[in-house]
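Letter by letter, the sequence shown follows residues 463 to 583 in the numbering used here.
Only one structure is covered here, and it is reproduced in the block below.
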Amino acid sequence: NLVKAYSNPLMELDEMLKKMILENLGLENHIDELLDPNYMRFRFTHYKGSSIISGDHENNIKHDGLNGHTDGHFIKVPKELVDEEHPLLFKPFEMVGLSEYVTSQAGYAAPNDAFKAYCGL
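Given below as structure tokens:
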């Protein structure tokens, strides 16, 4: 199975990188949370890609692919990384909600950065 052959090594690499980064930041207590096997699932889009309007709103782009998402899991900055010198810049968000926003009319209308418009503080 091509998808399984691609996704298994990718998940192993993802796990290894997360462990290395969290250990370097002194955040070992977050490893189990981020390595939860249900945290990330892959969805292969086997249908015609959705239409995306480019930044100039004149060219339409079609896309297909393998999308990683985190249904039901909010992405948030560990509290140990937030202080006066490093303030919180984004509120917690769910990847599915962000994807829906980016492809919505409001996301298209975001002046410069749809991500910042969606969850920026």
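Don't be surprised by glycine CBs; every beta carbon is placed ideally from N, CA and C.
A quick note: this is a predicted structure, and the numbers were derived from the prediction, not measured.
key: C-alpha distance - residue 577 paired with residue 481, whole-angstrom precision   = 26 Å
query = Hey, quick one: how far does the alpha helix (DSSP H) through residue 486 stretch, first residue to last?
reply = Taken as a continuous stretch (DSSP letters only), the alpha helix (DSSP H) holding residue 486 covers 464-486.
ask   = If you compare alpha carbons, which of 535, 467 and 475 is closest to residue 587?
value = Absent from the model: residue 587. The displayed extent of the chain is 463 to 583, so no value can be given.
request  = Locate the alpha helix (DSSP H) running through residue 562, then write down its first and last residues.
outcome  = 557-564
task = Return the bridge partner residues of residue 537 from the DSSP annotation.
result = Residue 537 is bridged to 555.
ask   = For residue 554 versus residue 492, is the C-beta spacing smaller than 8 Å?
value = no
message = As a quick exercise: from 549, 559 and 546, pick the residue whose alpha carbon is nearest that of residue 537.
response = Among 549, 559 and 546, the Cα nearest to that of residue 537 belongs to 559.
query = What separation, rounded to the nearest whole angstrom, lies between the Cα atoms of residue 580 and residue 571?
reply = 11 Å
key: Extent of the continuous alpha helix (DSSP H) run through residue 571   = Where residue 571 is concerned, the enclosing alpha helix (DSSP H) starts and stops at 567-571.
ask   = Cα separation between residue 564 and residue 488?
value = 33 Å
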